[in-house]
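Asks: Structure below; questions to follow.
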Amino acid sequence: MSVFKSVAVLLLCSLFIAVSVSGCLSSGSSDLDKADMKSFSSESEMEEYFNTVYYSDRGNLDEEQYYSNLYSGSIWPSRNGSAGDVLGAVYSLSSNTTSSPNAVPESVPTVYDSSEVSFVSRYSETNVHTAGIDEADLVKTDGKTIYYTPENYYPYQIREQTDYRRGDVYYSYSTERKTFAIDALPPESAAILSEINLSGDLYLINNTLVAIHYNLIKGYDVTDPSAPEKIWEKQLWGYYADSKMIDGKLYLVVLNHTVLSPMKYMGQTIDYKNVYYPTNTNSAVPQTDTVYYLSEVDMQDGSFDQTVALIGSESSIIYGSENALYLTNHYTIDEDLMYLQYMKDQGADFYPEIKKEILEIVSYDAIRPYLRAWGVRDVVSNYTAGLNLTEQQMLFNLTHNDYLAYSYEYVKKAEQTSITKVDLNDFSINTGSVPGLLLNSFSMDESGGYLRVAASSSDSWMIRENSFNSVYVLDGQMKIAGKLENLAPGETIYSSRFTGDILYLVTYRVIDPFFVIDLSNPKSPELLGELKIPGYSTYLHPINDTAVIGLGKADNNAMKLTLFDVTNPDKPIETDSYVFDSNVYSAADHDYHAFRWDGEKGLLVIPTYEHAFVFKVDESGIELKFDDVHEGGMVSRTIYINDYFYTFSNKAVHIINQNSWEIVKIIDIPLPELNFD
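1 is the number of the first residue of the sequence shown in UniProt numbering; add one for each residue after it.
Below, the structure is given as structure tokens:
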């Protein structure tokens, strides 16, 4: 057949394709299989996996080198910083800074007398994803004592050094963060009680304080907060990824990029049956650059009672329910596999003279996909080089449009995210998958034995202009039981919040559609209503059954608060909004622990640089009530005890009367100081 006859036939084919894009994947195309997680069947299989898959492009380490790196701290970020850490922190020599970074201010009482503590009627807990499941944070309180980790780096082990070539004397030192115990009541005399030379993510249960920082975890007895007593300490074999406190039990997730077979963690060998890896599909590739170790940790002695290892990536998302922890792995499209499948299904028909040669290369499974794809492209390139420019352009237009249409359908079927459920009762594993990509942990929620998931198609060039969003409900076996697909075509999910049987969902491309979705029937999620307004919300916080606060951006990219009225879920409305100055940024924009809602008082606190903005929020709207300014400090958190707000920056703690809006006390936080004496 001549080239011109071939092109004529292809023109007719392209017209058919344009009329029915959904038919681009021919009936002869291979079914796209599902992502899964499996345990290894033997020690040798696990060793082979790490040698040929996990370390395929990075090289392996022998055991001697591994443990050398482990104990030198090179496998994870060190807890010790450098001079730049201190210089990069807020650094000043003020009259309220103690002469030594380890000293306690003179005004601090040396004996803690619980009989002097004022009555505690109420106090806030950490703003968490799921009610009843505690999460680590910079601030914890029992209503009497506050434990706070400011974002300061304190120098220690200051050493005098000599540059022997030049004769200059200089100083080197390490840095660490600190946790301060603060006597909270009465507010007018609140003060720092003591300090601990370890900062980080804190848990407080009964009289035990746990601090987690990079590769260290420590437990303290704080029965006497003026003299915390370290009761255990562990150096993690990896670095801290996430954790949850459920029914008084601590579940710790640690990640490490470097592993050996047999796998060892915290001094114990993990049986290969307790190590799980993502299986390949015939269309997409899992990300495998990280091993997550999920353990139950005894709060009293720091022992690691159970551990399971899951291979994933640093982009994996962790979500915790009362019964399980979930870990995701996004399967990205292997474009070489897609190209080969396209040529097999229909692409080779565009090149009848070389079709046989193309299909022979495609089917030669002994060669890696990228080499086969390169070979096909080389054959096609040589063929098209023999055509004149008009023929080349016509053939390019036909194949290009056809490939785009094919790839769109391919991605819709092939791109997926595996979700692995770890049952916290026996650490058993079950895995399901949903099409698309999850945004963050708020994309998942477990209720009534079902896992509800909100997902978007990725930002791949193959699907960007025709992106879509969906909601899936997975049953106890992690199988899809219900779904609501193709929401907001051309947009992407920016925030989601599950509350009971309702899902609030925000997508965005040009405007902000706010969706209300009914999940009361797991097998048939239903879109109830939507609202389109400028801007978007990146965090949603239900404040009662009929109102939701959104924190995000206005259409001019300034930070914005939005109050949604969902009294009628079929017709949600925007009750009010508050737009900040264009240069304002809040830690709450990326860390929901910084978002403080006092539901009893109807008060909201948003930290922004030096400010803690306090708003009154009710059905009538959003009203700015107070601007608490920490001069020169970066506000990070707010809690409440009784009728007082406590706002925290790296320089001070402000205690504010919620009735009079008077700052009744300022507690200065000791700042980093270099002392060369």
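Where a beta carbon is used, it is the ideal one built from N, C-alpha and C, also for glycine.
In three-state terms, what does DSSP make of K344?
Replies: Correct three-state label for K344: helix.
Asks: Who are the Cβ neighbours of E151 in its own chain at under 6 Å, not counting the five residues just before and after it?
Replies: Cβ within range, chain order: N650.
Asks: Tell me which same chain residues have a C-beta within less than 7 Å of the C-beta of D289, skipping the five on either side of it?
Replies: If we look at D289 and ignore the five residues flanking it on each side, its Cβ neighbours are H257, S313, E314.
Asks: Which residues in the same chain as K665 place their Cβ atom closer than 7 Å to its Cβ, once the five residues preceding and following it in sequence are excluded?
Replies: Excluding sequence neighbours, K665 sits near P187, E188, A190, I655.
Asks: Thinking C-beta only, is Y148 closer than 9 Å to V653?
Replies: Result yes, Cβ atoms of V653 and Y148 sit closer than 9 Å.
Asks: Per DSSP, which one or two residues make a beta bridge with Y351?
Replies: BP columns for Y351 are empty, so no partner.
Asks: Please determine if the stretch 129 to 136 and the stretch 620 to 634 are in contact, where contact requires at least 3 C-beta pairs separated by less than 8 Å.
Replies: These segments do not touch.
Asks: Does DSSP put L138 in a helix, a strand or coil?
Replies: It is coil, neither helix nor strand.
Asks: Give the DSSP-derived three-state secondary structure of Q161 in the structure shown.
Replies: Reduced to three states, the DSSP call for Q161 is strand.
Asks: Using DSSP's beta-bridge definition, name the partner residues of I669.
Replies: Note: I669 sits in no beta bridge, so no partner.
Asks: Alpha carbon to alpha carbon, what distance is there between L209 and E233?
Replies: Roughly 12 Å between the two C-alpha positions.
Asks: Residue range of the beta strand (DSSP E) that N469 falls in?
Replies: Residues 469 to 474.
Asks: In three-state terms, what does DSSP make of W661?
Replies: W661 falls in the coil class under three-state DSSP.
Asks: Could you tell me which residues DSSP pairs with R497 in its beta bridges?
Replies: Answer is Y504.
Asks: Check for me: the alpha helix (DSSP H) holding P369 runs from which residue to which?
Replies: 369 to 384 is the span of the alpha helix (DSSP H), which, as asked, contains P369.
Asks: With a threshold of 16 other CB atoms inside 10 Å of the CB of P607, please say whether the residue is buried or exposed.
Replies: Result: buried.
Asks: Which residues in the same chain have their Cβ closer than 6 Å to the Cβ of Y410, if we skip the five residues on either side of it in sequence?
Replies: These residues qualify, in order along the chain: M338.
Asks: Can you list, in chain order, the residues of its chain whose CB lies under 7 Å from that of K249, leaving out five sequence neighbours each side?
Replies: Taken in chain order, the residues that qualify are E296.
Asks: When you compare each of M394, I367, R637, E229 to Q300 by their alpha carbons, which one comes out closest?
Replies: Taking only the C-alpha atoms, the option nearest Q300 is E229.
Asks: Looking only at its chain, what residues have a beta carbon closer than 7 Å to the beta carbon of A612, apart from the 5 residues adjacent to it on each side?
Replies: Same-chain partners within the cutoff: V605, D628, V635, T638, T647.
Asks: Going by beta-carbon coordinates alone, are T420 and Y240 separated by less than 9 Å?
Replies: Not closer than 9 Å, so no.
Asks: Taking Cβ to Cβ, would you say A455 is nearer than 9 Å to L438?
Replies: Yes, the Cβ-Cβ distance between A455 and L438 is below 9 Å.
Asks: Among T307, K244, A284, which has the Cα closest to the Cα of D271?
Replies: It is T307 whose Cα lies nearest to the Cα of D271.
Asks: Who pairs with K230 in a beta bridge, going by DSSP?
Replies: Partner(s): Y220.
Asks: Give the straight-line distance between the Cα atoms of P525 and G476, rounded to the nearest whole angstrom.
Replies: If you take the alpha carbons of P525 and G476, they lie about 17 Å apart.
Asks: Using the Cα positions of S496 and M394, report the straight-line distance between them to the nearest angstrom.
Replies: Rounded to whole angstroms, S496 to M394 spans 45 Å at the Cα level.
Asks: Between the stretch 579 to 596 and the stretch 165 to 181, can you find at least three pairs of beta-carbon atoms closer than 8 Å?
Replies: The answer is no - the stretch 579 to 596 does not touch the stretch 165 to 181, with fewer than three Cβ pairs under 8 Å.
Asks: Taking the beta strand (DSSP E) that Q268 belongs to, which residues open and close that run?
Replies: Residues 268 to 270.
Asks: What's the gap between the Cα of G375 and the Cα of E48?
Replies: Whole-angstrom Cα-Cα distance: 29 Å.
Asks: CB-CB under 7 Å to H330, same chain, minus the five flanking residues each way: which ones, in chain order?
Replies: Hits under 7 Å: Q287, S315, T417, L437.
Asks: State the CB to CB distance for the pair V422 and L325, rounded to an integer number of angstroms; the pair is presumed to be in contact (CB under 8 Å).
Replies: The Cβ separation is near 5 Å, so the contact holds.
Asks: When the distance is taken between beta carbons, is G552 closer than 9 Å to F564?
Replies: Not in contact: F564 and G552 (Cβ atoms no closer than 9 Å).
Asks: Can you give me the Cβ contacts of S94 inside the same chain, cut-off strictly under 6 Å, excluding the 5 residues immediately before and after it?
Replies: With a pLDDT of only 31 at S94, under 50, the local geometry of the prediction cannot be trusted, and the value read off the model is given with reservation. Here the set comprises nothing.
Asks: Assuming A184 contacts G200 under a Cβ cut-off of 8 Å, what Cβ separation, rounded to an integer in Å, is found between them?
Replies: The Cβ separation is near 21 Å, so there is no contact.
Asks: Under 9 Å, do S321 and T130 count as touching if we go by C-beta distance?
Replies: Yes, the pair counts as a contact, with Cβ atoms nearer than the cut-off.
Asks: Taking the beta carbon of T328 as the centre, do at least 16 other beta carbons fall within 10 Å, making it buried, or is it exposed?
Replies: Burial call: buried.
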